[in-house]
Amino acid sequence: MHELSIIASIVEIAEAEVEKAGAQRVESIELEIGELAGIEFSALDFAWEVGVSQSVLEGAERHIHRIGGEARCSECENIFDMQALYDPCPKCGSYFSEIIKGKELSVKALTVT
Amino acid sequence: MCGICGCGQPGNAVTIRKIDLKKVNLKKVTPLGAVAPLYHDDHDHHHDHAPTANQVPGKTVLQIEQDILGKNNLLAERNRGFFEAKNILALNLVSSPGSGKTALLERTLADLKNEIPCYVIEGDQQTSNDADRIAATGAEVVQINTGKGCHLEADMVNEAMRQLKPTDGSLLFIENVGNLVCPAMFDLGEGARVVIISVTEGDDKPLKYPDMFHSSQLCIINKIDLLPYVNFSVEKAKEYARRVSHITEFIEVSATTGTGMEKWYAWLKKRRNA
């Protein structure tokens, strides 16, 4: 379950920002996570509370912007929604494609007090 | 906080230690043939300081846009720079537990060690069993025990390298924790990622664990000596893997009997000289 080490990295980022801003705690955090980033959203949910306990993120509101996968077909250049990495192009059936969206994994913003 | 279970105790899980070859019984194996604002120095252009976007009394919204894996990725790039400067080919070997990664390495080291200097970093949750097996071939090896951790990260490899001190032009095999899910997300700075599957697993592994296959440049299909006894289609496995990644190359081997190993060695030598 690598989601816990992802949460640990989020905590690390938040602690550094809170310290830099001279704040005490985080009121809310905005995350951007692509659906092809390799994060299991339910595992993230499950681990969140434990992962942020006794940190500046304890009790913080969490907003996740989920970004759906999108790929460009390398054969016909069609841009299509990609749910799984092995989805073929719906237009020409090719598996050769390049991911253009869905790999995001970042902390967008923090509201600190 | 402990990064493993969040228990509030300091994380003490990861241990990294080099195996002392003087204390190992050598085995005879017959060879076959802070990431985000990187720097914020005092400077001239003026802007409202730092990432502050808007202010509500008592509250500050910080628009930080920080890559969550940024720290790992930066360290991975440092490792990569080190490897490039020293002309070291570093390979990240990933697979599910029991696919034969260690057996493949034992055979490889026995066959290549007189030709190319080889080093190994072993990743396992517990024990130095694998590192001891590797040390028995005479190769320099560092064992990383991740405790409850399910994958290696770039900082662990960095620390292991400081102990291992690989020489210029060498081959460095990093055997990741046996797990087809988590290691996919963590760049270690390797020159190439090698995923190993064995014919005793399902041939649909590439579809079940697409992230790992998507990020690998070579797929080794191991234990092909067992093909007559199992229901595994090599062609299907390859086709599934190609659906996920069209750049993956394939090599079929049996680390036990040695079948196909020469193709693996040829791949290594070609990559090393690339």
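Protein chains in written order, with our numbering: chain A, 1 to 113; chain B, 1 to 274. Backbone N, C-alpha and C define an ideal beta-carbon position, used for all residues, glycine too.
Checklist line | Any C-beta of chain A under 7 Å from that of T127 of chain B | finding: No, T127 of chain B does not count as interfacial toward chain A.
Next item on the list: Grab the span of the alpha helix (DSSP H) containing M212 of chain B for me, first residue to last.
Entry: For M212 of chain B, the enclosing alpha helix (DSSP H) has its first and last residue at P210 to H214.
Notebook entry, point to check: beta strand (DSSP E) containing K18 of chain B: first to last residue?
Noted result: Taken as a continuous stretch (DSSP letters only), the beta strand (DSSP E) holding K18 of chain B covers T15 to K18.
Notebook entry, point to check: Applying the criterion that 16 or more other CB atoms from any shown protein chain within 10 Å of the CB defines a buried residue, is Q163 of chain B buried or exposed?
Noted result: Residue environment analysis places Q163 of chain B among the exposed positions, since fewer than 16 neighbouring C-beta atoms fall within 10 angstroms of its C-beta.
Notebook entry, point to check: Does the beta carbon of I184 of chain B come closer than 7 Å to any beta carbon on chain A?
Noted result: Residue 184 of chain B is actually Ala in this sequence, not Ile. Among the CB atoms of chain A, one or more fall inside 7 Å of the CB of A184 of chain B.
Checklist line | Proximity winner among B:D132, B:R193 and B:E235, relative to I247 of chain B (alpha-carbon distances) | finding: Ranking B:D132, B:R193 and B:E235 by Cα distance to I247 of chain B puts B:R193 first.
Item checked: DSSP three-state assignment for T102 of chain B, whether helix, strand or coil -> When secondary structure is reduced to three states using DSSP, T102 of chain B falls in the helix class.
Next item on the list: Check N92 of chain B in the structure and name its three-state DSSP category.
Entry: The answer is strand: DSSP assigns N92 of chain B an E or B state.
Margin query: Would F232 of chain B and D203 of chain B qualify as a contact pair, given that the criterion is a beta-carbon distance under 7 Å?
Written below: Contact flag set, yes.
Checklist line | For L57 of chain A and F80 of chain A, the rounded distance between their alpha carbons | finding: Their Cα atoms are separated by approximately 36 Å.
Check: Is R107 of chain B buried or exposed, if buried means 16 or more other CB atoms sit within 10 Å of its CB?
Finding: Buried.
Next item on the list: For K71 of chain B, return the contacting residues in chain A, with the cut-off set at a CB-CB distance below 9 Å.
Entry: Chain A residues near K71 of chain B: S9, E12 and I13.
Notebook entry, point to check: Can you list, in chain order, the residues of its chain whose CB lies under 7 Å from that of R133 of chain B, leaving out five sequence neighbours each side?
Noted result: These residues qualify, in order along the chain: T102 and E106.
Notebook entry, point to check: If you count every other CB in all the chains shown that lies within 10 Å of the CB of N179 of chain B, and 16 or more means buried, which is it?
Noted result: With a threshold of 16 other beta carbon atoms within 10 Å, N179 of chain B meets it and is buried.
Next item on the list: Check whether the Cβ of V56 of chain A lies closer than 7 Å to any Cβ atom in chain B.
Entry: No, V56 of chain A lies away from the interface with chain B (no Cβ there is under 7 Å from its Cβ).
Notebook entry, point to check: Quick one: is R243 of chain B buried, meaning 16 or more other Cβ sit within 10 Å of its Cβ, or exposed?
Noted result: In summary, R243 of chain B is buried, with 16 or more beta-carbon neighbours lying within 10 Å of its beta-carbon over all protein chains present.
Check: Can you tell me whether DSSP reads D130 of chain B as helix, strand or coil?
Finding: It is helical.
Notebook entry, point to check: Is it true that the region 99-113 of chain A meets the region 21-38 of chain A, where meeting means three or more beta-carbon pairs spaced less than 8 Å apart?
Noted result: Contact check between the region 99-113 of chain A and the region 21-38 of chain A: three or more CB pairs, one atom from each, fall below 8 Å, which counts as touching.
Margin query: Less than 6 Å between C-beta atoms, sequence neighbours within five positions excluded: which residues of the same chain meet that for I196 of chain B?
Written below: Result list for I196 of chain B: S95, S99, K101, I220 and N222, in chain order.
Note to self: Please list, in chain order, the chain A residues whose beta carbon lies closer than 7 Å to that of Q275 of chain B.
What the structure shows: Only positions 1 to 274 of chain B appear in the structure, and residue 275 of chain B is not among them; the question remains open.
Note to self: Closest to M1 of chain A by C-alpha separation, out of B:N129, B:N92, B:Q126 and B:C150, would be which residue?
What the structure shows: It is B:C150 whose Cα lies nearest to the Cα of M1 of chain A.
Margin query: Give me the chain B residues within the contact set of L110 of chain A, using Cβ-Cβ distance strictly less than 7 Å, ordered along the chain.
Written below: Under the 7 Å cutoff, chain B gives L62 and I64.
Next item on the list: Taking D187 of chain B and N72 of chain B to be in contact with their CB atoms under 8 Å, please state how far apart those CB atoms are, rounded to whole angstroms.
Entry: Sure, about 7 Å apart at Cβ, within 8 Å.
Checklist line | Proximity below 7 Å, CB of L4 of chain A to CB of A47 of chain A | finding: Contact flag set, yes.
Item checked: For F96 of chain A, three-class secondary structure by DSSP -> Three-state result, F96 of chain A: coil.
Note to self: Tell me the DSSP secondary structure of Y229 of chain B in three-state form.
What the structure shows: Correct three-state label for Y229 of chain B: helix.
Notebook entry, point to check: What in chain B is Cβ-close to G34 of chain A, meaning under 7 Å?
Noted result: Result: empty, since nearest Cβ-Cβ is about 11 Å, beyond 7 Å.
Note to self: Using a Cβ-Cβ distance cut-off of 7 Å, determine whether P97 of chain B contacts chain A.
What the structure shows: No, because no Cβ of chain A sits closer than 7 Å to the Cβ of P97 of chain B.
Margin query: Spatial neighbours of A297 of chain B within its chain, please: C-beta separation below 6 Å, excluding the five flanking residues on both sides.
Written below: One cannot answer for residue 297 of chain B here, as it falls past the ends of chain B, which runs 1 to 274.
Notebook entry, point to check: Quick one: does A71 of chain A have its CB under 7 Å from some CB of chain B?
Noted result: Judged by the 7 Å Cβ criterion, A71 of chain A is not in contact with chain B.
Check: Can you pull the DSSP bridge partners for E175 of chain B?
Finding: When beta bridges are read from the DSSP output, E175 of chain B appears opposite B:L93 and B:E122.
Notebook entry, point to check: In three-state terms, what does DSSP make of T52 of chain B?
Noted result: With a pLDDT of 49 at T52 of chain B, under the threshold of 50, the modelled position of this residue cannot be trusted; read the value that follows with caution. In this structure, DSSP gives T52 of chain B an extended state, which the three-state scheme calls strand.
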